[in-house]
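Trainee: Residue numbers (the working numbering): 1 to 356. Submitted below is the structure of interest, expressed as structure tokens.
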Amino acid sequence: MADIVFRNVTKRYGNTLAVNDASFTVNDNEFFCFFGPPLSGKSTILRLVLGLEVPDQGEVLIAGRPVNSVSPAERNVAMVFQNLALFPHMSARDNIRFPLVERKIAEAEIEKRLADVSQKLHIGHILHKPPAQLSGGERQRVAIARALVRHPVAYLMDDPISALDARLREETRVELKRIQRELGKTLIYVTHDQEEAMSVADRMAILENGRIRQIGAPAEIYDRPASAYVARMLGSPMMNILPSVRAAGGIEAAEGAIRIADAKAPAEAIEIGVRPEDIKVRPWTDQETAGGRPGSPARVFEVEPLGGYTVVTLAAGQARLRALLRGQPDIRPDAMVAISCEPGRVHYFGQDGGAL
Ligand code: ADP
1 MADIVFRNVT KRYGNTLAVN DASFTVNDNE FFCFFGPPLS GKSTILRLVL
51 GLEVPDQGEV LIAGRPVNSV SPAERNVAMV FQNLALFPHM SARDNIRFPL
101 VERKIAEAEI EKRLADVSQK LHIGHILHKP PAQLSGGERQ RVAIARALVR
151 HPVAYLMDDP ISALDARLRE ETRVELKRIQ RELGKTLIYV THDQEEAMSV
201 ADRMAILENG RIRQIGAPAE IYDRPASAYV ARMLGSPMMN ILPSVRAAGG
251 IEAAEGAIRI ADAKAPAEAI EIGVRPEDIK VRPWTDQETA GGRPGSPARV
301 FEVEPLGGYT VVTLAAGQAR LRALLRGQPD IRPDAMVAIS CEPGRVHYFG
351 QDGGAL
């Protein structure tokens with residue numbers, strides 16, 4: 001078992017609480033992501049796992065063993081570096097052998113591990129090539145192989161693909177997910193890209209100023225964010241969150257322009273949230289005026305056709321909302337529309353931003 005556990009871990013730099021009372025368990029063989037904005041504490045968590053930093057408070061355990069006073073070398077956790085740096089003058093083979101040669105491991109053992117990792121990562125046929133002759137995906141595999149020949153209990157990656165262009169990033173993350181699944185080894189992965197975190201992680205932790213705000217499977221967090229902060233962190237376009245007030249039979253937002261007829265809506269709610277894909281938009285008709293159908297009036301402010309889907313920005317009272325519609329619906333700026341949403345798809349947030 002190579003699970004990694006933090007128990008109430010705090011790390012300060014001067015007055016900065018880089019990691020603030022963090023508790024989590026990364027399970028054996030899990031692809032676990034830390035996701036948060038810059039300076040939220042992601043890299044500090046990795047350094048605490050590696051042993052490059054020691055907690056001011058709390059405890060780090062690797063495979064059941066407390067490691068606060070264990071050196072990085074003895075922890076046996078491998079870092080795969082940010083730019084996947086490989087030595088340009090060495091073949092893939094020599095790059096992978098390097099950490100073992102450096103540790104003066106016996107030649108027969110080195111060759112055995114090299115054969116084993118090459119087979120697992122399907123790179124046997126490219127071992128003779130220098131990095132410059134490898135594709136991005138091949139370089140990635142070689143860099144991971146170099147980390148894995150040490151037989152680490154887990155490997156870590158700090159925003160490894162942020163430098164790549166968008167298309168290559170998409171390909172690379174699919175590749176990474178596959179590699180991790182095939183290897184079945186614990187991977188802790190840091191990213192500031194929500195789409196990347198959602199696409200690769202088995203589970204993820206969302207950070208804000210050194211604090212873990214929520215831990216769970218991406219879909220679970222997306223559907224049931226624990227707070228308005230977390231709700232805003234996942235999803236593009238971002239969740240519409242509007243100040244709200246209690247009204248007869250439900251809740252109102254946008255100075256009454258949006259009404260949610262939900263008698264069970266929590267009375268303490270001060271904000272409502274609706275995902276763009278949960279907003280239904282239809283043309284305004286006379287029936288609406290007669291109050292025959294449940295929809296709030298809105299004016300189309302702008303339309304962004306993005307091929308497979310269209311983002312429509314709506315003005316309801318003083319509020320702006322974004323709706324995500326399938327395909328390329330015939331909607332023009334300045335048209336009046338009726339907007340609605342299933343009551344079950346509305347999120348409610350209280351005074352402290354927590355979900356209700
Ligand atoms: P992230 O990886 O999410 O960008 P970091 O873990 O690098 O965040 O940083 C968290 C906080 O700790 C930031 O406020 C950062 O300025 C501070 N910090 C990180 N490393 C150091 C350091 N070596 N010395 C002083 N402050 C640091």
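Just so it is clear, CB atoms sit at the ideal spot from N, CA and C, and this is done for glycine as well.
Run through the DSSP bridge pairs and tell me what Thr10 is partnered with.
Mentor: Partner(s): Gln57.
Trainee: Below 6 Å CB to CB, which residues in the same chain sit around Ala217 once its five sequence neighbours on both sides are set aside?
Mentor: The residues are Arg203.
Trainee: Extract the residue ranges of the alpha helix (DSSP H) inside the segment 112-195, only unbroken runs of 4 or more that lie entirely within it.
Mentor: Within the segment 112-195, the complete alpha helix (DSSP H) runs of at least 4 residues are 136-148 and 166-183.
Trainee: Can you tell me whether Ser162 sits near the ligand ADP, meaning its C-beta is under 8 Å from at least one heavy atom of the ligand?
Mentor: No, the Cβ of Ser162 stays beyond 8 Å of every heavy atom of the ligand ADP.
Trainee: Pull up the CB-CB distance for Ala261 and Gly250, whole angstroms please, since I reckon it's below 8 Å.
Mentor: Going by Cβ atoms, the distance from Ala261 to Gly250 rounds to 5 Å, so yes, they are a contact pair.
Trainee: Are the CB atoms of Arg332 and Thr310 within a distance shorter than 9 Å?
Mentor: It is not a contact, given that the beta carbons lie outside the stated cut-off.
Trainee: Use the C-beta contact count for Leu52: other C-beta atoms within 10 angstroms, 16 or more gives buried, fewer gives exposed.
Mentor: The residue in question, Leu52, is exposed, as its Cβ has fewer than 16 Cβ neighbours within 10 Å.
Trainee: Tell me which residues pass a beta-carbon proximity test against the ligand MG: closer than 5 Å to any heavy atom, given in chain order.
Mentor: The model depicted lacks the ligand MG and carries the ligand ADP instead.
Trainee: Could you please give the first and the last residue of the uninterrupted beta strand (DSSP E) stretch that includes Ala336?
Mentor: With the sequence shown as reference, residue 336 is identified as Met, and Ala is not the correct amino acid for it. That run of the beta strand (DSSP E) goes Met336 to Ser340.
Trainee: In whole angstroms, give me the CA-to-CA distance for Leu336 and Val200.
Mentor: First, the residue type needs correcting, since residue 336 is Met and not Leu in the sequence shown. Going by the C-alpha atoms only, they are around 40 Å apart.
Trainee: Which runs of the beta strand (DSSP E) fall wholly inside the segment 306-333 and span at least 3 residues, in chain order?
Mentor: Within the segment 306-333, the complete beta strand (DSSP E) runs of at least 3 residues are 309-316 and 319-326.
Trainee: Nearest-angstrom Cα distance between Glu196 and Arg173?
Mentor: Glu196 and Arg173: Cα-Cα distance of roughly 7 Å.
Trainee: Output the boundary residues of the beta strand (DSSP E) element that contains Leu17.
Mentor: Here the beta strand (DSSP E) through Leu17 covers Thr16 to Val26.
Trainee: Just list the residues that DSSP pairs Pro243 with in beta bridges.
Mentor: Bridge partners of Pro243: Glu271.
Trainee: How long is the line joining the alpha carbons of Ile179 and Arg47, rounded to whole angstroms?
Mentor: Using only the alpha carbons, I get a separation of about 23 Å.
Trainee: In its own chain, which residues sit with a C-beta less than 7 Å from the C-beta of Thr44, not counting the 5 before and 5 after it?
Mentor: Correct list, in chain order: Lys11, Ala18, Val19 and Glu53.
Trainee: Name the DSSP beta bridge partners of Glu208, please?
Mentor: Its beta-bridge partners are Arg211.
Trainee: In the DSSP assignment, what residue or residues form a beta bridge with Met79?
Mentor: Bridge partners of Met79: Leu156.
Trainee: What is the rounded straight-line gap between the Cα of Val149 and the Cα of Val77?
Mentor: When rounded, the distance between both Cα atoms is 12 Å.
Trainee: Does the segment 109-121 touch the segment 187-195, meaning 3 or more C-beta pairs lie closer than 8 Å?
Mentor: No, the segment 187-195 is not in contact with the segment 109-121.
Trainee: Is it buried or exposed for Gln351, if we count other Cβ within 10 angstroms and need 16 for buried?
Mentor: Exposed, by the Cβ-count rule.
Trainee: Less than 9 Å between the C-beta atoms of Thr413 and Phe32, yes or no?
Mentor: For residue 413 there is no data in the structure shown, the boundaries of the chain being 1 and 356.
Trainee: Rounded to whole angstroms, what's the CA-CA distance from Val346 to Ile110? Just pull it up for me.
Mentor: Their Cα atoms are separated by approximately 57 Å.
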